[in-house]
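Under numbering that gives the first Met the number 0, think of the first position of the sequence shown as 0, with each following residue one higher.
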Amino acid sequence: MDISEEIDYIKQLLKKYVEEAKNEYSDLAYKREHKYTYTKKNGKTILGSHPKAIKYHLKELQDSVYSTDKEQIVENIINDSNIKQEYQEAVEKLSPIGRERLKDEVIKAEIELLAYDKQRNEQRTDSAKIVSTYLGNKLSQSTPTDTMKEILAVAQEEDNKKWRRSTKWEVFEEYFNDIKDEKINMHDKIIPPITAFLQAGESEYLYDYTIGDFATAFEAFIYTPKSCPKNSKIYKSYNGNYVAIAEDFKDSLEGEENLLEEYMEDSELQEKVQSITTIKGKFNELNNFLNDCVTNDYLVKNYYIDNVKFKLKKYENVLATRKKRHPYNTTELQKMFEQYNYFIKEHKFKPSEIYIPLIALYSGMRVEEICKLRIEDIKVDDTIYYFDINGKVKTDNSIRQVPIHSRLIEGFNLLKYVEKVKSEKKDMLFDLKGVQHKGKIKYSHYFLRDFFTDFRNTFVSQERIDNDLVSFHSFRHTFATRLLQGGVDLYSIANLLGHSASAVLEKFFNNKITTETPTYTESNLQILKKEIEKIDYKDIEPSVEEFEENFKLVFN
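See below:
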C-alpha cells in the first residue's frame, strides 16, 4: 500500500469501530463509563458518563496524542473495543509511519465516542434537550431558545472564570505569600523549580497546561545547574530563564560543545550538577505548589503524581555520570536507508528531510550548522566544493571549511539542488522555520521536533535511545569514528569537526592527549578533501547504493 491507501485503510477501520460502538451502545458505553471515572476534589468518585468526567477525559485524550505513553493509551482503548483482531492485522500490514498514524486515529476515534456519550447523556438529563418518552408531547423537542442559549453561555463564562480567574504568575504570588514565612529558609528550593514550571508553558493559565509542558518543566529543574541565584552572571545573561539554562547545561553535559563555557570550564560541568537529594527536595516543593493549585481549582491535574515518566530514579544514573553520545551502528544505518527507500517510493519528502541527515553523515557538521546553511555558504576553491562554516559559532575552531564528499555531489545531486534553490532567488539552502533562541534564530528546532525525532524512532530502538543517547548528534560521532576506521589522522578529524585534536580525542574517543598540532588553513583544503573521501562506510554500501538509485528517479 502507498501512503494514501494506508490512510484510507485506517479511516475505514476506525469508521467501523465508531459505527459499531454506536450500534452496540449499551455494552461499550458501559465500559467507557467505568473506565473514565473521575474523582472530585471532595473525594467523591463519579462515573465516566458525568459531563465533568467526560470533559476532563476529553482534554486528557487530546493531550495523549503528544504523549510518550501514547502506545499504552492506545492499547487500553483497543482492549475495550470491538476491533482487537482487526487492529492487530492492521499493525502487521502498515508501514512504520502508517502505524503511528493508526495510533493517532484510534485516540481521535475515542475522543469522538466520548463526545457522542456527552451528547446522548445531555439528551437524558438536560431539560433543554430531553426527548419526550413518558409525557407524550408535553415536552418540547425543539432546539434551545435564545434564552436558554444565553443561560448556557453564562454557564460557560462562569466555568472559564472558575479555572482562569488568576494568571499562573498571580497564582504563584498568592501561594508564595502564604508559605514564605513558614518556609523562610527554603526559598531557594521553592522559587527556582516553580519558576521553571511557569516558564515551561506558553499558556497564561495553569488550566491550559498540557502534559508536554509538564515534561519540559521536569527536565528544566532536573538539569538546572546549582548556584544560579538572581545575582549570578548566568542568571542575568539568560534573563532568568531556567528552561533555557537547563537546556544548554544538559547539552553540555551530554558531550556537545560546552554551551556555557563563559560561565564554567569543561572540568566544572559535572561539579555543577545538582545532587539527587537536592532535586528530590525541589520536586517535593513543586508538587506541593501544584497540588495546592488542584485543590483550589487552578489546575485540573498534577501529571507528576503516579506517572512513571516523571520518576526521579530514572535520572539518578544520568546525573551521576557525564554520558556521551554514541555513533549509529551498522544495523541502524541500514535500517535508516531502508526507511528512506520506502518513503521516497511511497511518500513525498521535503528535500530538507533527506539532505540534512545525509550531509551530517558525510560531513560531521552539527545540526544547526546544516540547518542554517545559506546558498552563499556552498563555495568552490579551484575544483573543490566545500561548506563554508563562518556564521555565529561558539569557538574559533568552529569556523572552518568542510569539503563536500563526492557521494553528496555525484550520488545525491547536492549541487543540482543548490542551483535549483538559487534559481528560485532564495537565500537559505533549506526552507525551515526558525525560532528565537537567546537572541538568535535557531533553525534546527522544528526540523528535530516535527520530523527527525519520529524518523529516528523507526530505525533506532528505545533502549539505545535511552541508554546511549542516540540522537541527531550521533551522526557527528559516526562521522568521526568512520574517519578513524578509514585511516584518517586525528588532526584532520579535528579540523573537519571544528574541535581541537585533544577535544576530539576526549569527546569522541574517551581518551586524552597533552600535545597539540596547529589547525589546517584554507590552503590545506585539498588535503582535507582527500581525507574526507577515506570515510569507511563499506558495511552499508549496498543500502546506500539502492537508495541512490531510487533517489535519482525522484530528485534528478
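Beta carbons: idealized from backbone N, C-alpha and C, even for Gly.
- Would you call the CB atoms of G200 and Y206 closer than 7 Å? Residue 200 sits at position 201 when you count from the first residue of the sequence shown. Residue 206 sits at position 207 when you count from the first residue of the sequence shown. Not closer than 7 Å, so no.
- Query: Who does Q11 pair with in a DSSP beta bridge?
  - Reply: For the purposes of this step, residue 11 is identified with residue 12 of the sequence shown, where counting begins at 1. None; Q11 has no bridge partner.
- Message: Does P228 come out as helix, strand or coil in the three-state DSSP assignment?
- Response: By 1-based counting over the sequence shown, the position of residue 228 is 229. In this structure, P228 counts as coil in the three-state DSSP scheme.
- Task: Whole angstroms is fine: what's the gap from I76's alpha carbon to Y16's?
- Result: For the purposes of this step, residue 76 is taken as residue 77 along the sequence shown, with counting starting at 1. For the purposes of this step, residue 16 is taken as residue 17 along the sequence shown, with counting starting at 1. Cα to Cα, the separation comes out at about 11 Å.
- Consult DSSP for M427 and reduce its assignment to one of helix, strand or coil. Stepping through the sequence shown from its first residue, residue 427 is reached at position 428. In the structure shown, M427 sits in a strand (DSSP, three-state: E or B).
- Task: List the residues that DSSP assigns as beta-bridge partners of F450.
- Result: By one-based count along the sequence shown, residue 450 stands at place 451. None; F450 has no bridge partner.
- Message: Within 10 Å of its beta-carbon, does A368 have 16 or more other beta-carbons around it, so buried, or fewer, so exposed?
- Response: To locate residue 368, count along the sequence shown from 1; it is residue 369. Note on identity: in this sequence residue 368 is Glu, with Ala being the wrong assignment. With 16 or more Cβ atoms within 10 Å of its Cβ, E368 is classed as buried.
- Item | When V73, H49, P350 and E218 are compared against Q60, the one with the closest alpha-carbon | Residue 60 sits at position 61 when you count from the first residue of the sequence shown. Contrary to the premise, residue 60 reads as Leu rather than Gln in this sequence. Minimum Cα distance to L60 is reached at V73.
- Item | Beta-carbon contacts of F213 that lie in its chain and below 6 Å, excluding the five residues immediately before and after | Indexing the sequence shown from 1 puts residue 213 at position 214. Cβ neighbours of F213 beyond the five flanking positions: Y302.
- Under the DSSP definition of a beta bridge, which residues are partnered with V401? Your numbering for residue 401 matches position 402 in the sequence shown. V401 pairs with F386.
- Helix or strand or just coil, what does DSSP make of V299? In the sequence shown, residue 299 corresponds to position 300, counting from 1. Three-state result, V299: coil.
- Item | Assigned secondary structure, K378 (DSSP; H/G/I helix, E/B strand, else coil) | Here residue 378 is taken as the residue at index 379 of the sequence shown, counted from 1. Reduced to three states, the DSSP call for K378 is strand.
- State buried or exposed for D467, treating a residue as buried only when at least 16 other CB atoms are found within 10 Å of its CB. Stepping through the sequence shown from its first residue, residue 467 is reached at position 468. Burial call: buried.
- Specify, as a first and last residue, the run of the alpha helix (DSSP H) that S362 falls within. As a working note, residue 362 is residue 363 in the sequence shown. Where S362 is concerned, the enclosing alpha helix (DSSP H) stretches over P350 to S362.
- Task: Report the rounded CA-to-CA distance for V553 versus Q338, giving the unit in angstroms.
- Result: Stepping through the sequence shown from its first residue, residue 553 is reached at position 554. Stepping through the sequence shown from its first residue, residue 338 is reached at position 339. Going by the C-alpha atoms only, they are around 16 Å apart.
- Query: For E218 versus I275, is the C-beta spacing smaller than 7 Å?
  - Reply: Residue 218 sits at position 219 when you count from the first residue of the sequence shown. Residue 275 sits at position 276 when you count from the first residue of the sequence shown. Contact: no.
- With distances taken from CA atoms, which of F386, R365 and D381 is nearest E375? Here the question's residue 375 lines up with position 376 in the sequence shown. The residue with the shortest Cα to Cα distance from E375 is F386.
- Buried or exposed: L298, going by 16 or more other Cβ atoms within 10 Å of its Cβ? Position 299 of the sequence shown, counted from the start, is the residue given in the question as residue 298. L298 should be labelled buried.
- Query: Hey, I377 and V417: beta-carbon distance below 7 Å or not?
  - Reply: Stepping through the sequence shown from its first residue, residue 377 is reached at position 378. Stepping through the sequence shown from its first residue, residue 417 is reached at position 418. Yes; because the gap between Cβ atoms is below 7 Å, this pair is in contact.
- Alpha-carbon to alpha-carbon, K51 and E345: To locate residue 345, count along the sequence shown from 1; it is residue 346. To locate residue 51, count along the sequence shown from 1; it is residue 52. E345 and K51: Cα-Cα distance of roughly 44 Å.
- So L407 packs on Y361, CB below 8 Å; how close in whole Å? Counted from its first residue, the sequence shown places residue 407 at position 408. Counted from its first residue, the sequence shown places residue 361 at position 362. About 5 Å separates the two Cβ atoms, so the contact holds.
- Task: Would you give the residue range spanned by the alpha helix (DSSP H) that H56 belongs to?
- Result: Numbered from 1 along the sequence shown, position 57 holds the residue referred to as residue 56. Where H56 is concerned, the enclosing alpha helix (DSSP H) stretches over P50 to S63.
- Query: Going by C-alpha distance, which of V379, N456, T36 and E104 is nearest T7?
  - Reply: Your numbering for residue 7 matches position 8 in the sequence shown. The amino acid occupying residue 7 in the given sequence is Asp; Thr does not appear at that position. Among V379, N456, T36 and E104, the Cα nearest to that of D7 is on E104.
- Where DSSP assigns a beta bridge to V567, which residues make up the other side? Residue 567 lies beyond the range of the chain shown here (0 to 555); nothing can be said about it.
- For P356, is the classification buried or exposed, using 16 other Cβ atoms within 10 angstroms of its Cβ as the cut-off for buried? Counted from its first residue, the sequence shown places residue 356 at position 357. Classification for P356: buried.
- Message: By the three-class DSSP mapping on this structure, what secondary structure does T194 have?
- Response: Taking the sequence shown and counting its residues from 1, one reaches residue 194 at position 195. T194: helix per DSSP, three-state reduction.
- Task: Evaluate the contact criterion for the stretch 266-281 versus the stretch 174-184: three or more CB pairs, one atom per stretch, below 8 Å.
- Result: no
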